[in-house]
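Asker:
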Amino acid sequence: MVSASPLQKLYNTCNEVFDSCSAGIIPSPDNIQKLKAVLDDFKPADVGLSPEMPHFRASVAGETPVIRYIHIHECEKFSIGIFCLPPSGAIPLHNHPGMTVFSKLLFGTLHIKSYDWVVDVAPSTSAVVSPSKSKQPVVQQPEARLAKIKVNSNFTAPCDTSILYPTDGGNMHCFTAVTACAVLDVLGPPYSDSDGRHCQFYFDFPFSNISVDELSLPEGGKEGFAWLQERKKPEDLIVVGELYGDPTAVET
Numbered sequence: 322m323v324s325a326s327p328l329q330k331l332y333n334t335c336n337e338v339f340d341s342c343s344a345g346i347i348p349s350p351d352n353i354q355k356l357k358a359v360l361d362d363f364k365p366a367d368v369g370l371s372p373e374m375p376h377f378r379a380s381v382a383g384e385t386p387v388i389r390y391i392h393i394h395e396c397e398k399f400s401i402g403i404f405c406l407p408p409s410g411a412i413p414l415h416n417h418p419g420m421t422v423f424s425k426l427l428f429g430t431l432h433i434k435s436y437d438w439v440v441d442v443a444p445s446t447s448a449v450v451s452p453s454k455s456k457q458p459v460v461q462q463p464e465a466r467l468a469k470i471k472v473n474s475n476f477t478a479p480c481d482t483s484i485l486y487p488t489d490g491g492n493m494h495c496f497t498a499v500t501a502c503a504v505l506d507v508l509g510p511p512y513s514d515s516d517g518r519h520c521q522f523y524f525d526f527p528f529s530n531i532s533v534d535e536l537s538l539p540e541g542g543k544e545g546f547a548w549l550q551e552r553k554k555p556e557d558l559i560v561v562g563e564l565y566g567d568p569t570a571v572e573t
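Residue numbering for the sequence shown follows our numbering, starting at 322 and increasing by one per position.
(1) Can you list, in chain order, the residues of its chain with a C-beta nearer than 6 Å to that of E395? Leave out the 5 residues immediately preceding and following it.
(2) Does the stretch 332-346 come close enough to the stretch 383-402 to have 3 or more Cβ pairs within less than 8 Å?
(3) Measure the alpha-carbon distance for P327 versus F528 and round it to whole angstroms.
(4) At what residue ranges does the stretch 347-409 contain a whole run of the alpha helix (DSSP H), taking only runs of 4 or more?
(5) Throw me the rounded Cβ distance for the P507 and Y390 pair, which I believe falls under 8 Å.
(6) Taking the beta carbon of H520 as the centre, do at least 16 other beta carbons fall within 10 Å, making it buried, or is it exposed?
(7) Identify the continuous alpha helix (DSSP H) that holds C480 and give its terminal residues.
(8) Assuming contact is defined by CB atoms lying nearer than 8 Å, are A465 and F526 in contact in what I supplied?
(9) Using 10 angstroms around the beta-carbon of V440, count the other beta-carbons present and answer buried if the total reaches 16, otherwise exposed.
(10) Might you give, ordered along the chain, the residues of its own chain that have their beta carbon closer than 7 Å to the beta carbon of T477, omitting 5 neighbours on each side?
(11) Answer with buried or exposed for N352, where buried requires no fewer than 16 other C-beta atoms within 10 angstroms of its C-beta.
(12) Using only the alpha-carbon positions, how far apart do D367 and V422 sit?
(13) Are G410 and I393 close, meaning C-beta to C-beta below 8 Å?
(14) Can you tell me which of P555, A503, S343 puts its alpha carbon nearest to the alpha carbon of F404?
(15) What are the partner residues of S340, as DSSP defines its beta bridges?
(16) Which word fits L485, buried or exposed, when buried means at least 16 other C-beta atoms lie within 10 angstroms of its C-beta?
(17) Alpha carbon to alpha carbon, what distance is there between Q550 and E384?
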């Protein structure tokens, strides 16, 4: 009997793990570990990628790096795809509403910064960005929301799969490629505008750039917090989608 390919094994595991899940419903701890174990073993060769491919060539000086998204599979329960980031390529700060997300860095060095909302602090109605401390646009009402920094580090492959949850683990994150990178992403459930799960982008402001009267910080001190403000999709974000080279890579 021929064993399933790594990609087929990933699809089969996702199908099992997300079968009884929906927006905001997290797979069981056993299922989380089962899917993580499959992704932890993934290699670039399993999906036919290498840093020498045109997808990962450095951009010409002054040009915005083009990010490619290779679509492998999507259904109402989950999606599988790969982000290909050339050096300095960046996916700005964005959210994953009601979703559990697994990200496996296949190769390269990637900087990840992520946040979770501080739920017991209401959005400020009096927060003001100090123009002398920030070159970003002044925050307008409705005001920014307090978030706690979950991750702010470089990761170099091979490394463990990162997992974020609907309200924990760094649900809002941004990626910046230190070197050429490939990131295998599994989302459960996937984005869906019709179901209200649309991708929202954010500005992030250092905590000290916004003054709020009578705000008592949670544990960790001001260095562990920031203010996030919704923004439109950045105009300089260029993501080109393409289908995985073998449309029969997974049997559904």
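We treat Cβ as the ideally placed atom computed from N, Cα and C, and that holds for glycine.
Answerer: By the coordinates alone:
(1) Within the sequence shown, numbered from 1, the residue matching residue 395 stands at position 74. P511, listed in sequence order.
(2) Cβ pair count under 8 Å is three or more, so yes.
(3) Residue mapping note: residue 327 aligns to position 6 of the sequence shown, counting from 1. Residue mapping note: residue 528 aligns to position 207 of the sequence shown, counting from 1. The straight-line gap from Cα to Cα measures roughly 43 Å.
(4) 350-361
(5) For the purposes of this step, residue 507 is taken as the residue at position 186 of the sequence shown. For the purposes of this step, residue 390 is taken as the residue at position 69 of the sequence shown. What sits at residue 507 in the sequence shown is Val, not Pro. The Cβ separation is near 13 Å, so there is no contact.
(6) To locate residue 520, count along the sequence shown from 1; it is residue 199. Checking the sequence shown, residue 520 turns out to be Cys, not His. Label assigned to C520: exposed.
(7) Here residue 480 refers to the residue found at position 159 of the sequence shown. Careful: C480 lies outside any alpha helix (DSSP H) and carries neither H nor E.
(8) Within the sequence shown, the letter at position 144 stands for residue 465. Within the sequence shown, the letter at position 205 stands for residue 526. Yes, the Cβ-Cβ distance between A465 and F526 is below 8 Å.
(9) Counting from one through the sequence shown, the residue named residue 440 turns up at place 119. V440 should be labelled exposed.
(10) Sequence index remark: in the sequence shown, residue 477 carries index 156 (1-based). Around T477: T430.
(11) Counting from 1 along the sequence shown, the entry for residue 352 is found at position 31. So N352 counts as buried.
(12) Within the sequence shown, residue 367 is the residue found at index 46, counting from 1. Within the sequence shown, residue 422 is the residue found at index 101, counting from 1. Near 20 Å, if we compare the C-alpha coordinates of V422 and D367.
(13) Indexing the sequence shown from 1 puts residue 410 at position 89. Indexing the sequence shown from 1 puts residue 393 at position 72. No.
(14) Taking the first residue of the sequence shown as 1, we reach residue 404 at position 83. Among P555, A503, S343, the Cα nearest to that of F404 belongs to A503.
(15) Within the sequence shown, residue 340 is the residue found at index 19, counting from 1. What sits at residue 340 in the sequence shown is Asp, not Ser. Answer is none; D340 lacks a bridge partner.
(16) Along the sequence shown, one-based indexing puts residue 485 at 164. A buried status is given to L485, since no fewer than 16 other beta-carbon atoms sit within 10 Å of its beta-carbon.
(17) Mapped onto the sequence shown, residue 384 falls at position 63. Mapped onto the sequence shown, residue 550 falls at position 229. Cα to Cα, the separation comes out at about 27 Å.
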